[in-house]
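*Asks:*
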Amino acid sequence: MFHERKPSVRWVLPEGQYNPVVADGVRWLDYERAADPTREDTQTEPHDDSHEGPQGEPQGDSREGSKGEPHGDSREGSRDDPRDDSYRELGGGLFDGLVGAAVALERADWFDREQRPPRLADSRPYGVPGGLAKPDPQVERDLAEALRPGVRFPDPRGTWVRLVNGGGPADDPFRATNAADCALAVMSTWHGEPAAAAPRMPEYDRIGRPVLTGEQGSVARIEGWVGQRLQYAGQGRHAYPLIARRLLDAGHGAGAVIVVRWPGGGSHAWNAVNANGEVIWIDAQRGHMSVEPPYRTVTGVFCVILDRQGRPR
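Using the UniProt record's numbering, you'd call the opening residue of the sequence shown number 1 and step up by one each time.
1. What are the boundary residues of the alpha helix (DSSP H) that A185 is part of?
2. Among I222, R209, V298, whose alpha-carbon lies nearest the alpha-carbon of A179?
3. Measure the alpha-carbon distance for W190 versus W270 and round it to whole angstroms.
4. With 16 as the cutoff for other CB atoms within 10 Å, does D122 come out buried or exposed?
5. What is the C-beta distance between I305 and L212, in whole angstroms, given that I count them as a contact (C-beta under 8 Å)?
6. With DSSP as the reference, identify every bridge partner of S290, one or two as the case may be.
7. As an exercise, report each continuous alpha helix (DSSP H) stretch of at least 4 residues that is fully enclosed by the region 144–231, in chain order.
8. Tell me the DSSP secondary structure of R141 in three-state form.
9. Count the other CB atoms, across all protein chains shown, that sit within 10 Å of the CB of R237; report buried if there are 16 or more and exposed otherwise.
10. Give me whichever residues DSSP pairs with R261 in a beta bridge.
11. Which same chain residues end up closer than 6 Å to Q285 when comparing Cβ atoms and leaving out the 5 residues on each side of it in sequence?
12. To which residues of the same chain is S188 closer than 6 Å at the C-beta, ignoring the five residues directly before and after it?
13. Pull up the distance between the alpha-carbon of L163 and that of I282, whole angstroms please.
14. Can you tell me the Cα-Cα spacing of D136 and R245, whole angstroms?
15. Can you give me the Cβ contacts of P118 inside the same chain, cut-off strictly under 8 Å, excluding the 5 residues immediately before and after it?
16. In angstroms with no decimal places, state the Cα-to-Cα distance between residue 348 and I280.
17. Go ahead and label V298 buried or exposed: buried means 16 or more other beta carbons lie within 10 angstroms of its beta carbon, across all protein chains shown.
18. What does DSSP give as the partner residue(s) for Y126 in the beta ladder?
19. Going by the beta-carbon positions, is the gap between L147 and P156 smaller than 8 Å?
20. Roughly how far, in whole angstroms, is the beta-carbon of Q231 from the beta-carbon of F302, given that I think they are within contact range, below 8 Å?
21. Look up F111 in the DSSP assignment and give the residues it is bridged to.
22. Would Q216 pass as an interface residue toward chain D - the criterion being a Cβ-Cβ separation below 8 Å?
23. Could you check the C-alpha separation between E278 and A233 for me, to the nearest Å?
24. Between which residues of its own chain and R124 is the CB-CB distance below 6 Å, once the five residues before and five after are set aside?
25. Please state whether DSSP places V256 in a helix, a strand or coil.
26. With L242 as the anchor, note down where its alpha helix (DSSP H) starts and where it stops.
27. What is the rounded straight-line gap between the Cα of G217 and the Cα of G130?
28. Going by C-alpha to C-alpha distance, which of G214, M201, P312 sits closest to I243?
29. Is G236 helix, strand or coil when you go by DSSP?
30. Give the secondary structure of R83 by DSSP, where H, G and I count as helix, E and B as strand, and everything else as coil.
31. Measuring alpha carbon to alpha carbon, tell me which of P169, R229, D249 ends up nearest A275.
32. What do you get for A254, buried or exposed, if any count of 16 or more other CB atoms within 10 angstroms of its CB means buried?
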């Protein structure tokens, strides 16, 4: 079910002369030779190893006064060599740019990535039987005002958890059966896009009583929105330590959507997050957060755990 991450493997440049293919079949040294104004013929010529030792390395250091010094970056060996500038302009900038882009992508939050989830409101089945009703604009304003604009991974001990589901079931009976949307609203708000949960579409039986059933297709919508399948985590309270450990391993900003089954039938959706190295359990439908899992008498436990970049853990 869960897979441990394999230790990363450090890549090493091959021994010998560094001459990889840079682009369109052109190798690195071709760019250097083309940039050397001292050469009359700029076309690629066979490499002459007559002045080099094994593996294409220079036999000695041509710098004066460098006797006994270790060999360092070859760019320092000949400061007047125009190929040094060529490296810095073509190679150094290219390499630094690629490294910078890779680092920026690695640090990018889930919602900054190209494969981010849609806005939560765009994924909701509004106005259809078994679906949802649009949330009250005042509920959305109250949630937004409880958070600093653009803040990500807000303190789950703050008031925002109690505002995700508006006034809750006491204010609107159709907010008693919208747990799936509450769990997704927590994930959206956690990643910097405050989203108040939508109540269930009001439906009544033949004598006018509210039909308090959950959203139809809610599990499929959860999986579609997060882009991952819910995984079986275990039975009852014994599953929670595993979820907590995975969240801690994933680091600050990680979050989980948890779906549990009640012994008497039915299910419930809620969340857990890693807030600065501490696991906080959140049930936004009931406006509740705790440092211990709140539901012990459950049967099957399913979850999807994502780090702050939205990668499954």
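All C-beta atoms in this analysis are idealised placements derived from N, C-alpha and C, irrespective of residue type, glycine included. All values derive from a computational prediction rather than experimental measurement.
*Replies:* Concretely, from the data shown:
1. Per DSSP, the continuous alpha helix (DSSP H) segment holding A185 begins and ends at 179–190.
2. It is I222.
3. One C-alpha to the other measures close to 13 Å.
4. Using a 10 angstroms sphere on the CB of D122, the tally of other CB atoms stays under 16, which defines it as exposed.
5. Their Cβ separation, rounded to whole angstroms, is 30 Å, which puts I305 and L212 out of contact at 8 Å.
6. For S290, which the question treats as bridged, DSSP gives the partners W281.
7. Qualifying alpha helix (DSSP H) stretches, in chain order: 160–163, 179–190, 218–226.
8. Of the three classes helix, strand and coil, the one that applies to R141 here is helix, per DSSP.
9. Burial call: exposed.
10. Partner(s): S267.
11. Result list for Q285: N165, A179, C182, in chain order.
12. Once the five neighbours on either side are set aside, the close Cβ partners of S188 are L120, A195.
13. Per the coordinates, the alpha-carbon of L163 lies some 12 Å from the alpha-carbon of I282.
14. Roughly 37 Å separates the two Cα atoms.
15. For P118, where only same-chain residues beyond five positions count, the Cβ hits under 8 Å are W225.
16. The chain is shown only over 1 to 313; residue 348 falls outside these bounds and no answer can be derived.
17. V298 comes out buried.
18. The partner list for Y126 (beta bridge, DSSP) reads L132.
19. No, these two residues do not count as a Cβ contact at 8 Å.
20. In this structure, Q231 and F302 form a Cβ contact; the two beta carbons are roughly 6 Å apart against a cut-off of 8 Å.
21. In the DSSP assignment, no residue is bridged to F111.
22. As a matter of chain content, chain D is missing from the structure shown, which is built from one protein chain.
23. For E278 and A233, the distance between alpha carbons rounds to 20 Å.
24. For R124, where only same-chain residues beyond five positions count, the Cβ hits under 6 Å are L132, A198.
25. One point to set straight first is that residue 256 is Ala, not Val, in the sequence displayed. If DSSP states are grouped into helix, strand and coil, A256 belongs with the strands.
26. Residues 240–250.
27. Roughly 8 Å separates the two Cα atoms.
28. Among G214, M201, P312, the Cα nearest to that of I243 is on P312.
29. DSSP, reduced to helix, strand and coil, places G236 within a helical segment of the structure shown.
30. Any reading at R83 must be qualified, since the residue scores a pLDDT of 46, below 50, and its modelled position is unreliable; no value is offered.
31. Of the listed residues, the one whose Cα sits closest to A275 is D249.
32. The Cβ neighbour count for A254, taken over all protein chains shown within 10 Å, is at least 16; the residue is labelled buried.
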